[in-house]
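Here the structure is laid out as structure tokens; the discussion comes afterwards.
Protein chains: 2
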Amino acid sequence: MVEKLASAERDEALAKLPQWRHDAAENAITREFGFPDFSRAFAFMTQVALLAEKEGHHPDWSNSYSTVRISLSTHDAGGISAKDIALAGEIDRLLERAPA
Amino acid sequence: MVEKLASAERDEALAKLPQWRHDAAENAITREFGFPDFSRAFAFMTQVALLAEKEGHHPDWSNSYSTVRISLSTHDAGGISAKDIALAGEIDRLLERAPA
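Taken in sequence, the protein lines are chains A and B.
The opening residue of the first sequence carries number 18 in the working numbering; numbering runs sequentially from there.
The opening residue of the second sequence carries number 18 in the working numbering; numbering runs sequentially from there.
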């Protein structure tokens, strides 16, 4: 059973994920992603879905045309856990990979 | 340019889509879909994404594990148009098709 991070641990972890922010109301970490169009937004969502299924940890997320908003929280732990931090880092890495 | 439906037209169309409801706050028609797990929820989302791209009309939608919520509105028309009604019907038909 994964445990919720203490506030200091969470803030330290978030310092390494500068594009994610702590949403206190949702008790989650969130990031919004913009793409040129729906096709590219959904292609990204497909990559995130495969990652989430592999990790057994799934986002709460929404899409409106070219915008994707992802919210990560560990419901079983009642807050943000190391699983959320790890998944956020992996999602960020998806976007770093440019075609060769 | 597609036009917003008058209230009576919208209500008549919605009578044929009993699982969709008019969300006055969102100025949209919405439906929530439940699946056995994330994999099946995302498979459905992929089908909806292909349909939306083909129709050139895209949903505002969210997913949380096995639940998908779809909201359809025609932003250019400032409300619900025939395009939303048509897409809602096509989305419903995706779920009617059982494997042979």
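Glycine included, C-beta positions come from ideal geometry on N, C-alpha and C.
Should residue i be flagged as near chain A, meaning a C-beta pair shorter than 8 angstroms?
| i | result |
| --- | --- |
| S79(B) | yes |
| S56(B) | yes |
| E70(B) | yes |
| A66(B) | yes |
Identify the continuous beta strand (DSSP E) that holds residue i and give its terminal residues.
| i | result |
| --- | --- |
| A45(A) | A45 to G51 |
| D124(B) | Chain B is shown from 18 up to 117; residue 124(B) falls before or after that span and cannot be answered. |
| N91(A) | Position check: residue 91(A) holds Thr in this sequence, whereas Asn was assumed. Segment: none, T91(A) is in no beta strand (DSSP E) and carries neither H nor E. |
| S79(B) | D77 to S81 |
Name the two residues that bound the continuous alpha helix (DSSP H) containing residue i.
| i | result |
| --- | --- |
| D109(B) | A99 to E113 |
| K71(B) | F55 to E72 |
| E26(A) | S24 to A32 |
From residue i to residue j, what distance separates their C-alpha atoms?
| i | j | result |
| --- | --- | --- |
| T84(A) | A58(A) | 7 angstroms |
| H74(B) | V65(B) | 11 angstroms |
| L32(B) | T63(B) | Position check: residue 32(B) holds Ala in this sequence, whereas Leu was assumed. The alpha-carbon atoms of A32(B) and T63(B) are separated by roughly 27 angstroms. |
| P43(A) | S88(B) | It is worth fixing the name first, because residue 43(A) is Glu in this sequence and not Pro. Near 21 angstroms, if we compare the C-alpha coordinates of S88(B) and E43(A). |
| A30(A) | R38(A) | 11 angstroms |
| A94(B) | S98(A) | 43 angstroms |
| G96(B) | M18(A) | 46 angstroms |
| A41(B) | L111(A) | 38 angstroms |
| A45(B) | D109(A) | 32 angstroms |
| S90(B) | H92(A) | 31 angstroms |
| D77(B) | R27(B) | 19 angstroms |
| N80(B) | R86(A) | 11 angstroms |
| T47(B) | Q36(A) | 31 angstroms |
| L34(B) | L34(A) | 44 angstroms |
Tell me, please, whether the CB atom of residue i is closer than 8 angstroms to any CB atom in chain B?
| i | result |
| --- | --- |
| H75(A) | yes |
| F59(A) | yes |
Would you check if the distance between the CB atom of residue i and the CB atom of residue j is smaller than 8 angstroms?
| i | j | result |
| --- | --- | --- |
| E107(B) | L68(B) | yes |
| Y82(A) | F61(A) | no |
> Touch check for the segment 20-27 of chain B and the segment 36-51 of chain A: three-plus C-beta pairs under 8 angstroms?
Replying inline: no
>> With three or more beta-carbon pairs closer than 8 angstroms as the criterion, would you say the segment 91-103 of chain B touches the segment 67-82 of chain B?
In response: yes
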